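Sequences listed follow chains A and B, in order.
First residue of the first sequence? That's 1 in UniProt numbering, and the numbers climb one at a time after it.
First residue of the second sequence? That's 1 in UniProt numbering, and the numbers climb one at a time after it.
Here the structure is laid out as structure tokens; the discussion comes afterwards.
Number of protein chains: 2
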Amino acid sequence: MHPAKIAGLLEALEPGQRTAVWQQVDAGSEARVLAHLNAELVRQLAGDSAEAAHELPEAEAAEHHDAATQVQAVREALAAGKLKRVGKILHHMHPAKVAALLEALPPPERKAAWSMVETDRAGKVLTYLHDEICTALALELEHDDLVASVQRLELDDLVDLIQSLPDEPGRELVHAIGGARRAQLESMLSYPEDSAGGIMNADPIVVRADVKLNTVLRYLRLLENLPAQTDVLMVVDRKGHYQGALRLATMLTAAPEARVAELMDTTLAAIPVNTAAGEVARRFQDLDLLSAPVVDDEGVLLGRITVDDVVDLIREDSDRAVMQMAGLDEEADMFAPVLVSSRRRAVWLGINLVTAFLAAWVIGLFESTLQDLVALAVLMPIVASMGGIAGSQTLTLVIRGLALGQVQKGNTRLLLNREVGVSILNGLLWAAVVALLAVLWFGNWGIGGVIAAAILINLLAAALAGLAIPLLLERMGIDPALAGSVILTTVTDVVGFFAFLGLATVLLI
Amino acid sequence: MHPAKIAGLLEALEPGQRTAVWQQVDAGSEARVLAHLNAELVRQLAGDSAEAAHELPEAEAAEHHDAATQVQAVREALAAGKLKRVGKILHHMHPAKVAALLEALPPPERKAAWSMVETDRAGKVLTYLHDEICTALALELEHDDLVASVQRLELDDLVDLIQSLPDEPGRELVHAIGGARRAQLESMLSYPEDSAGGIMNADPIVVRADVKLNTVLRYLRLLENLPAQTDVLMVVDRKGHYQGALRLATMLTAAPEARVAELMDTTLAAIPVNTAAGEVARRFQDLDLLSAPVVDDEGVLLGRITVDDVVDLIREDSDRAVMQMAGLDEEADMFAPVLVSSRRRAVWLGINLVTAFLAAWVIGLFESTLQDLVALAVLMPIVASMGGIAGSQTLTLVIRGLALGQVQKGNTRLLLNREVGVSILNGLLWAAVVALLAVLWFGNWGIGGVIAAAILINLLAAALAGLAIPLLLERMGIDPALAGSVILTTVTDVVGFFAFLGLATVLLI
């Protein structure tokens, strides 16, 4: 479009639309368009751009020194309709930071800011976003832009992205990828997300064992670039079976006439493609690996896993562990519509309500006792609460022990003895303290005795439940970290109220 | 000692001591000693060794297929006094697995098993242990053995070990390290554990920018071995200032006549030595780094951080987050003496007791109300519990948002609106459900109205507290993950009981 035509268009538009169109004018043509506009509009529109140019160093400084104000800066720019300024702030940020910033914006502002991310960086930004937001923003792009934005992504990142998209756009994206990459992509998509196959990359450089190092070096010079995160080349036989790894470090220090067979490291074991992701992460951590080969059942090399993906995996696991304890989904958008968030969280509240009513039902059994001795109502939450805390300590310890392999069949008995021992000691201590305070408060020795006994019983029950619940859930194939704490609270509430009010009914009424 | 003398000694000892001495006989001399013993003892002692030799393939198989039974196998062998068998099981395990197994044993058995770990592997095993156990087992070794066992450790691992030891043995260990390593060690020990300086390794290979790649390659061939986890060489000037990184991959693909200055990657930014460990981890994760240079204030290269240490860091952080929510120390020994564990856990129970008594005190304010309407006592835990769950959802979301940079000054207002919105929607929903159930249960419309209002109020308070508490704690420099949930529970308990019983007093009595 000719600059004069653009200028005409700009003058004809309403202020809101005018700003939107102006954002689309590229920096090179701005001056020529401005030449055709009236002074008022020039001041207004050029102001936006000039300001953006002017504030660049500031934006850069902000990245290093005060990331905390970036959200504010972007939101203010968005509110003022200065999209170009937003684009320039984003342009100077690392894709990971852009992702964090987008996640900190509410959906409408996020959409506006997202439209200012350059297409060739958009793909990388998507890989850093949590699933829900990633999906929404990917679908926000035109099909062609989406395809263009993912061209330079590593295949494992692309796989993640496609897996987070709905079926239809996901398939379209696969179809838009060309040639050899497409075949690799489809093979990678056929493995479960949380298996070695799901996190591997199909890009290893392979060499044969019987060639000389010299030949390999010549081959590498022809390649010019090695894939990112390459620390070893994979050595395979004629049929593609993995035989060992040739370290870059070895290639630099060894004699060029040596054969690969003499130089390769055969201790780097291949990971079967069906290995669970958690097991892969543990292996990387234990063996300090940078990358590892992935093979199929026959030992044929399929790809490699790199440590950067393992780091992401560990971080996500950690995130999930904390979030699911509160019944939250770690991939969900913090700024999802209120109605959506409410519905999600309602589930957890509903589950908790069942356990709360169970506890209330137990209390209801002793209504007449409470009527006779209302002090019991005052003290009963203490019994339940102490049990809950003590139980959660045992539960947390056992869940972690199971994950680290510290808790095994061979030592659960021992652990039981210990936990019971700890709960008796703490039970005696806190039973005495609470009993003393209760007697001082209500001047009733009977209440003191009953609450002491109830606390001791509940702490014992808490230890037993804290140990038994995760072991049982694990055997049933349920993640103990997910359901463990709700079940535990139910047990300690029910036992606590029942023991306290039951003993009081028998002994005091 | 002559085999005949050993045999004489063995015969003279009691069975328990005899087994202990037999464990010290090396495999080569066993046959000659046995030749001097009577048939009874031969059967008994040789049985142990033969069994150990015989069960090797089994032990190996166990490592791969059924790690869950190893603890049991080792404990049975220990119980039977078959230390050699233990030694052989351990010999075939990776140091990380040995560490996990040691942690799964109670202290006396752990000590026995530890004595069977070869000295040259002991150092590596120590690096995989949690602090408390690491310290105990390191002090278990003779000074000379400890020194010998750490000779081949990387310096950063050695620094961790020394930092976990008490002052005196730690100093002795530093003094036992010789020459250049000692100087590096002392400089590394001078940085805080949780800073870039504390996790760096002082072993980077440095080159000058003005030499040719050819020269560098010749230098590397002289070195023969590069330090583990080397993906780049560091380029420094004459005064040691960091200038850029020379990737191994580049060295393999570039023309040998090129100068380092043309080949080096200047985008790999150096990390200041005082950077917090968490910030280092985030940078590695965002930039997919394998290693990064560490510099002092003047930009002089001090060392490098490798991704394996960052992986450990992230894993430990994740562990700590989960453990501290239950008031547990993630470095503590699961099998510490019962008295020690009880004392540690008592602190958390004591803190909780204060909040429980606060809640009880609030209930106590309404004793006469409860007397008049005992149904209130039955229902009141429901109000407190719903508030606690809803609050923990907001709290968890905000704590994570702060860690990821999703929650910033620029959007807390927005977040507040959202959380209040969610709590009103969920409040209305669950208030209606609970009120309905309460009316059905007690046939009293007043109670239904009061509990509905109380739940709505408590869910609102929970949202406000869940947002405000972590923001305030963060500003006060306290880790919100540590104290957040106790304070939140206190708020939701107090508000819940006060709102429910207070409204009932005003409206129903």
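Glycine included, every Cβ here is placed at the ideal spot set by N, Cα and C.
Since this is a predicted model, take the numbers as computed values, not measurements.
Pairing B:V71 with B:A104 gives a Cβ-Cβ distance under 7 Å.
Identification of chain B residues near A:P381 by a Cβ-Cβ cut-off of 9 Å yields A356, A359, A360, I363, M380, P381, A384, D493 and F497, ordered along the chain.
Look at B:A321: its C-beta is under 7 Å from a C-beta on chain A. Annotation: the continuous beta strand (DSSP E) that includes A:T306 extends over L301 to T306. Secondary structure at B:R259: strand, using DSSP grouped into helix, strand and coil.
Spatial neighbours of B:A4 in its own chain (CB-CB distance under 6 Å, excluding positions within 5 residues in sequence) are listed in chain order as H36.
In this structure, DSSP gives B:H241 an extended state, which the three-state scheme calls strand. Between the region 439 to 458 of chain B and the region 493 to 508 of chain B there are three or more inter-stretch CB-CB distances shorter than 8 Å, so the stretches are counted as touching. Interface flag for B:R221 against chain A is set, since a Cβ pair is found closer than 7 Å.
Between the region 326 to 339 of chain A and the region 388 to 401 of chain B there are three or more C-beta pairs closer than 8 Å, enough to call the two in contact. Secondary structure of A:R152 (DSSP, three-state): coil.
In the structure shown, the three-state DSSP call for B:S291 is strand.
Proximity of A:P106 to chain B, defined by a Cβ-Cβ separation below 7 Å, is satisfied.
Residue B:G278 holds the alpha-carbon nearest to the alpha-carbon of B:L404 among B:G179, B:G278 and B:G364. If you look at A:L233, you'll find it in the beta strand (DSSP E) that goes V232 to V236. If the five residues before and after A:T369 are omitted, its C-beta is found closer than 7 Å to the C-beta atoms of L376, L501, A504, T505 and I509, all from its own chain and listed in chain order. For A:R238, the closest C-alpha among the options A:W348, A:G299, A:E154 and A:T215 is that of A:G299. Under DSSP, B:P272 forms a beta bridge with B:V295. Its Cα nearest to that of A:L379, the residue A:N444 stands out among A:A463, A:A483 and A:N444.
For B:E224, a Cβ of chain A is located within less than 7 Å of the residue's own Cβ. Any Cβ of chain A closer than 7 Å to the Cβ of B:D288 would place that residue at the interface, and such an atom is present. When rounded, the separation of the alpha-carbon atoms in B:R259 and A:F284 is 35 Å. In the three-state DSSP reduction, A:N201 falls in the strand class (E or B). Here B:L263 has L213, L246, T250 and A254 as same chain residues with Cβ atoms under 7 Å from its own Cβ, once five neighbours each way along the sequence are excluded. By the Cβ neighbour-count rule, A:V354 is exposed, with fewer than 16 other Cβ atoms within 10 Å of its own. Here the region 416 to 430 of chain A does not lie against the region 351 to 365 of chain A, with fewer than 3 beta-carbon pairs under 8 Å apart. Taking a Cβ-Cβ cut-off of 7 Å, A:K111 has no neighbours in chain B, whose nearest Cβ is about 15 Å from it. Neighbours of B:T267 in chain A, taken as residues whose beta carbon is under 8 Å from its own, are absent, since the nearest beta carbon is some 11 Å off. Using a CB distance cut-off of 7 Å, A:M93 does not count as an interface residue toward chain B. Taking the Cα of B:L464 as reference, the smallest distance to any Cα among B:D120, B:T492 and B:V117 is reached at B:T492. Partner residues in the beta bridge of A:K212, as assigned by DSSP, are A:R259. For A:V311, the chain B residues whose Cβ falls inside 9 Å of its Cβ are A281, F284, Q285, D288, V307, V310, V311 and I314, in order along the chain. For B:T490, none of the residues of chain A pass the 9 Å Cβ criterion, the least Cβ distance being about 11 Å. Counting along the chain, A:Q371 sits inside the alpha helix (DSSP H) bounded by residues E367 to D372. At a cut-off of 7 Å between C-beta atoms, B:G466 does not count as an interface residue with respect to chain A.
For A:R247, the pairing in a beta bridge is given by DSSP as A:V232.
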